[in-house]
Amino acid sequence: MGIYPPKEFIQQANVRDPAIYSRASENWVEFWEDFARELEWFEPWEKFLDDSKAPYFRFFVGGKINACYNCVDRHADMRNKAALIWEGENGETRTLTYFQLYREVNAFSAALRELGVEKGSRVAIYMPNIPEAVVAMLACARIGATHVFIFEGFSARSAGFRLKDSRSEFLITADGYYRRGEVTNLKEKADQAIEQYGGIKSVVVVRRAGIDVEMVDGRDHWYHEITKKGYTEPEILDSNHPLFIMYTSGSTAEPKGVVHSTGGYLVHVYATSKLVLDLKPNDIIWTTASLGWITGHSYGVYGPLSVGATVLMYEGAPDYPDKCRTFEIIEKYGVSVFYTVPTLARMILTCKTDSYDLSTIRLIGTVGEPIEPETWTWLYREVGRERAPVVNTWWQTETGGHVISQLPALTPMKPASVGKALPGFEVAILDDGGKPVKPFEIGNLVIKRPFPGLMLEISGDPKSYVKFYWSKYGKRVYFTGDSAYMDEEGHIWIVGRVDDVLNISGHRVSLIEIEQVAMGVKEVREVSAIGIPDRVKGSVIALFVVSEEASEEVGRKITEKIERDIGKIAKPGLIVFVPELPKSSGKVVKRAIYDAVVGKKKPAFLSNPEVAEMLMKIKPSERGVVIL
């Protein structure tokens, strides 16, 4: 059983024939090649897949393509249609049509070439969500430079690591940006990162905040001064030419630079934008993620623009100056596809949605973390008004695009489930010995067949590439690192990372399940559960809770609900109320909590490092409720 969208949605959906699953299963090569043919290639591919050097896989071998050409030039017949709508946190707005985007990208491509950027160069982009960031990405793609996007909230130290690890030679940044009513000097952080690394030849600075910044003669250039009119011929690139490097959030160690191809990646995000998000050229999609993480790349730029849709960008925090800013934006611009993270949904669910016209929303998507049934139901009922399907997508930085999700017109929605493996993919849930687990039994989620959006490699680290992804089950089975279970109908639920299963007194307890139950307490806005050492039990559960009503009483409510819904074995030994949770690229970093509380180490690579300093005050031996 499950929930289906109304007939009106099904009738207009991109995919309505359930036979797509069987066709893709019987001939997965033809399935992917059909989507590839919808894009424009300078030269056709000679071979769909070269797996002779597994676990390194190369798709559309021999094909020649350019991602910028397919996202911009290819839409010449829609020249006056909005490609990009942007709103700054201070209310400033801009719109770029496809023709204006074309001209801006061409002009900046020429400017980059004059600075010495060429095919194969690595260009770091340390910028907020502003139109020039998208222009920079597409300009790099146009001339064959590999872009390395760095989340603007990262510290100079984190940015410097990425500059050094990626061996970037050029940097594009901004003077500053707005966040929660304040201006952050980004250029200052960029200079500190460069000083730490030392390998940057030229820096381009976009004037966004209008603040005074130090410009280094001969190295630094203002974007508006060097970007002139002109046409830049798109570079004819091999399908497996590196389009970009995206760093993982680094929850377990130093971030890993995931390298993505041009052809395979573009085919993957183009196809899944149509399959999962049901995107069409007349859609306005708002992907709330920062461009600094993979969702912003795949479904905030390359996927939607390759389809010819309109992308909405927002600069600041979508819950500032109040929690309802999100709905004001949706209403103002008529957003039709809303793709967000469960964390944001939890932050805004106290807003009265009936005060806003949300009638333009026809599809909602969630990404980045497991979603509990209560939040899913709120999105479906209060935001989508039971007209818009809610697709819960599973994928990773390493996969480039969606792997598991509902097909909105075909797959019944089950609250909190990520649906089934998409057509063209083969996934399984295995035990540690490699055997499939029974329905509802937790196991290791794997992908049994390579796919076009799969990363090419880990930049400069072949050992990690094999060790982390291709050693547990062999060189042809991708180990995701996530644990999951499946029901009798093949619908999948993500439990969490493999290390999110805790052993307490010999009992296995899912930390994600505990978090989902805790979220059922109305005063809880966010929660993260970890295991901390205990002399008697081996481990006890520690909950870190964000709540505007932090108190012993709320702590008691959380404990009682967990005991009632799961059992006394899952009773938390420690509940800590915090102003916010440590995050990187918009995601909660559990490892940072553990390192701060248990290891007394200040984790690097966080967008809010001050939270880790606060957590270091907690003693692992403390029990009960603590309010910071």
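Residue 0 is where the sequence shown starts when you use numbering that gives the first Met the number 0, and the numbers rise one by one after that.
Heads up, the beta-carbon is just placed ideally off N, CA and C, and yes, glycines get one too.
Cβ-Cβ distance between Tyr196 and Gly159 below 8 Å: yes
Under 8 Å between the Cβ atoms of Gly495 and Ser482? yes
CB Ile9 to CB Ala549, shorter than 8 Å? no
I think Glu168 touches Ile199, with their Cβ atoms under 8 Å apart; what is that distance to the nearest whole Å? 7 Å
Tell me which same chain residues have a C-beta within less than 7 Å of the C-beta of Ser463, skipping the five on either side of it? Lys255, Ile457
Among the candidates Asp190, Val147, Ser416, Tyr477, whose CA atom is the shortest distance from the CA of Gly175? Asp190
With DSSP collapsed to three states, give me the class of Pro608. helix
Among residues of its own chain, excluding the 5 on either side of Pro17, which ones have a beta-carbon nearer than 8 Å to its beta-carbon? Leu409
Buried or exposed: which applies to Lys582, given that a residue is buried once 16 or more other Cβ atoms fall within 10 Å of its Cβ? buried
Tell me which same chain residues have a C-beta within less than 6 Å of the C-beta of Asp277, skipping the five on either side of it? Ala12, Asn13, Leu362, Pro407
For the region 238-269, list the alpha helix (DSSP H) runs that are entirely contained and at least 4 residues long, ordered along the chain. none
CA-to-CA distance, Cys67 to Asn391, given in whole angstroms: 28 Å
Report back the beta-carbon spacing between Ala82 and Thr309 to the nearest angstrom; my notes put them in contact at under 8 Å. 6 Å
Taking its Cβ as the centre, do 16 or more other Cβ atoms sit within 10 Å of Thr349, making it buried, or is it exposed? exposed
Using only the heavy atoms of the ligand ADP, determine whether one of them is closer than 7 Å to the beta carbon of Thr342. Questions concerning the ligand ADP fall outside what the structure shown contains, since it holds no ligand whatsoever.
Would you mind working out which of Glu621, Val587, Glu330 sits nearest Ala611, comparing C-alpha positions? Val587
For Asp211, name the three-state secondary structure that DSSP assigns. coil
From Ile369 to Ala415, what does the alpha carbon distance come to, in whole angstroms? According to the sequence displayed, residue 369 carries Pro and not Ile. Approximately 7 Å between the Cα atoms of the pair.
Pair within 8 Å by beta-carbon distance, Gly302 and Ala106: no
State whether the region 442-453 contacts the region 372-385, with contact taken as three or more CB pairs (one from each stretch) at a distance under 8 Å. no
What ranges does the beta strand (DSSP E) occupy inside the region 118-182, keeping only unbroken runs of at least 3 residues that lie completely in it? 121-126, 145-150, 169-173, 175-178
Here's a check: name, in chain order, each residue in its chain whose Cβ is nearer than 7 Å to the Cβ of Ala138, leaving out the five neighbours to either side. Val104, Phe107, Ser108, Leu111
Is the beta carbon of Ala123 sitting closer than 8 Å to the one on Leu162? yes
If Arg540 and Val597 are in contact, beta carbons under 8 Å, what's the gap, nearest whole angstrom? What sits at residue 540 in the sequence shown is Ile, not Arg. The Cβ separation is near 13 Å, so there is no contact.
Just to confirm my understanding: we take Val266, look at its own chain, exclude 5 residues before and 5 after, and list those with CB closer than 8 Å. What are they? Trp31, Phe34, Ala35, Leu38, Phe58, Phe59, Pro451, Gly452
To which residues of the same chain is Ser250 closer than 6 Å at the C-beta, ignoring the five residues directly before and after it? Bear in mind that the predicted position of Ser250 carries a pLDDT of just 41, short of 50, making it too unreliable to give a figure here.
Residues near Cys70 by beta carbon distance below 6 Å, same chain, minus five either side: Leu304, Ser305
If you run the structure through DSSP and keep just helix, strand and coil, what is Gly572? strand
Best match in Gly519, Met615, Pro388, Trp492 for proximity to His4 [C-alpha to C-alpha]: For the record, residue 4 in the displayed sequence is Pro; it is not His. Out of Gly519, Met615, Pro388, Trp492, Pro388 has the C-alpha closest to the C-alpha of Pro4.
Using three-state DSSP, classify Pro683 as helix, strand or coil. Absent from the model: residue 683. The displayed extent of the chain is 0 to 627, so no value can be given.
Sufficient close CB pairs (3 or more, under 8 Å) joining the region 311-319 to the region 87-105: yes
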